[in-house]
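Those letters in the sequence shown? Residues 3 to 295, per my numbering, in order.
Here the structure is laid out as structure tokens; the discussion comes afterwards.
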Amino acid sequence: MKTTKKLPVQDRVFSLRYYWHGLPEILYYQIPAKIILFMMVSFVEGILGSIMNLTGIYSVSSGELPSLLRSWYGWAVLIALSILFTIYMALDIIILILLSRNILYNQKKKMKEIISTAVRISRKFINFRGCLVGMYFAVIIPLNTAMIGLHLTKHAVPQFIYSVIRSNHVYMLAYVILVLLLDFVGMIHIFTFHGVLFDNYSLATSMHESRNLFFKNWKSIVLSYLKFFGMFLVILVVGVVSIIVIPYYVSHWIMHAKFWYHYLIIMVVIMGLIFIFLFTMIFIQAQAMCITR
């Protein structure tokens with residue numbers, strides 16, 4: 003892939019102070035971007051939901067899937083949902099990358115310009131290969147989060163299925179191997195969006211170039227990721243212990259059965275939620291910045 007601008011100093015990417023100073027800009031762009039994306043998707047989902055109701059389809063679930071696949075309108079709904087998710091995924095990731103470049107190079111671009119560029123570039127993903135990329139994200143996120151007991155999206159591995167997998171060592175081993183293989187596929191294609199966005203590649207060409215770039219530089223990429231995740235893991239542990247765990251037990255020990263105890267616990271919970279929100283916001287953006295660098 004081509005490099006058109008001088009890269010920022012590498013040490014800045016692993017500097018906590020750098021991310022802390024970038025927090026106002028991250029929040030300034032991320033929050034409006036998420037709101038705009040949510041409004042766009044909600045509007046399209048509303049239209050699609052009305053069409054589904056007119057055709058007698060009230061939900062898209064595993065139980066409804068066989069009947070959907072036997073009708074032309076069922077296929078139309080599934081294709082429309084796939085395209086909708088792909089567009090949302092592409093917009094979200096492209097905006098993350100553009101924000102990363104905006105912060106790394108101090109470009110001072112306005113949100114309108116960033117959204118406009120993201121919408122224009124996302125059109126390249128409205129094809130079969132783009133839908134496969136969207137399906138990959140739709141599958142890999144629930145599979146990964148289920149392993150650590152989190153449900154970050156509406157779509158998740160059903161609990162009864164995961165219980166069966168965990169109860170059998172062979173199933174669990176196969177599940178872990180599958181997730182690791184899918185993660186590896188995502189890792190070698192990690193620069194796909196950058197090629198489409200900055201080098202004007204087609205999606206197929208960008209995926210090919212991403213694989214080449216990864217295998218040529220896999221040691222430095224893996225080392226950078228280990229440093230990055232190590233730094234944020236330390237921040238997460240220190241933050242949870244200092245903001246949530248210690249205040250909770252101190253308040254429980256000092257103010258047990260007193261009037262202000264419940265209010266103090268509520269404040270601890272609120273502070274913990276704020277910390278988790280800020281950490282997640284910075285972590286996602288910082289990961290995009292680390293890759294974009």
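In this text, a Cβ means the ideal position worked out from N, Cα and C, and glycines have one as well.
For residue i, the three-state DSSP class (helix, strand or coil)
i: Gln32; result: helix
i: Phe193; result: coil
i: Ser169; result: helix
i: Tyr90; result: helix
i: Arg14; result: Because the pLDDT at Arg14 is just 46, under 50, the model does not fix this residue reliably, and the point stays unresolved.
i: Lys112; result: coil
i: Asn129; result: coil
i: Arg122; result: helix
i: Asn202; result: coil
i: Arg103; result: helix
Contact belief for residue i with residue j at Cβ below 8 Å, rounded distance in angstroms
i: His120; j: Ile97; result: The amino acid at residue 120 is misidentified as His; the sequence shows Ala. Going by Cβ atoms, the distance from Ala120 to Ile97 rounds to 5 Å, so yes, they are a contact pair.
i: Lys126; j: Ser204; result: 7 Å
i: Ala148; j: Ser124; result: At roughly 28 Å, the Cβ-Cβ gap does not stay under 8 Å, so Ala148 and Ser124 are not in contact.
i: Met113; j: Ala206; result: At roughly 31 Å, the Cβ-Cβ gap does not stay under 8 Å, so Met113 and Ala206 are not in contact.
i: Val270; j: Pro249; result: 5 Å
Top-ranked residue by Cα proximity to residue i, from the options
i: Tyr177; options: Leu145, His196, Leu199 and Gly188; result: Leu145
i: Tyr136; options: Met113, Tyr173 and Ile85; result: First, the amino acid is wrong: residue 136 is Gly here, not Tyr. The candidate whose alpha carbon is nearest that of Gly136 is Ile85.
i: Met189; options: Leu106, Tyr203, Ser212 and Leu175; result: Ser212
i: Leu199; options: Val239, Ser102, Trp220 and Ile246; result: Ser102
i: Phe277; options: Arg122, Val247 and Arg131; result: Val247
i: Arg131; options: Leu228, Met209 and Gly232; result: Met209
i: Ile49; options: Leu83, Arg72, Ile33 and Trp74; result: Leu83
Counted within 10 angstroms of its Cβ, other Cβ atoms place residue i as buried (16 or more) or exposed
i: Ile293; result: buried
i: Ile99; result: buried
i: Leu106; result: buried
i: Phe45; result: exposed
i: Leu223; result: The sequence shown places Ile at residue 223, not Leu. Buried.
Own chain residues within Cβ distance below 7 Å of residue i, not counting five before or after
i: Tyr90; result: Leu39 and Val43
i: Ile167; result: Tyr173, Met174 and Tyr177
i: Ser226; result: Cys292
i: Asp324; result: Any question about residue 324 goes unanswered here, given that the chain covers just 3 to 295.
CB contact check: residue i to chain D, cutoff 8 Å
i: Leu145; result: The structure shown has no chain D; it contains just one protein chain.
Distance cut-off 7 Å: residue i Cβ against heavy atoms of the ligand SAH
i: His210; result: Summarising the ligand content, the structure contains no ligands, and the ligand SAH is consequently not present.
Cβ-based neighbour list, residue i, same chain, cut-off 6 Å, excluding 5 preceding and 5 following
i: Val252; result: none
Contact set for residue i: own chain, Cβ-Cβ below 8 Å, skip 5 residues either direction
i: Tyr138; result: Leu184, Val187 and Gly188
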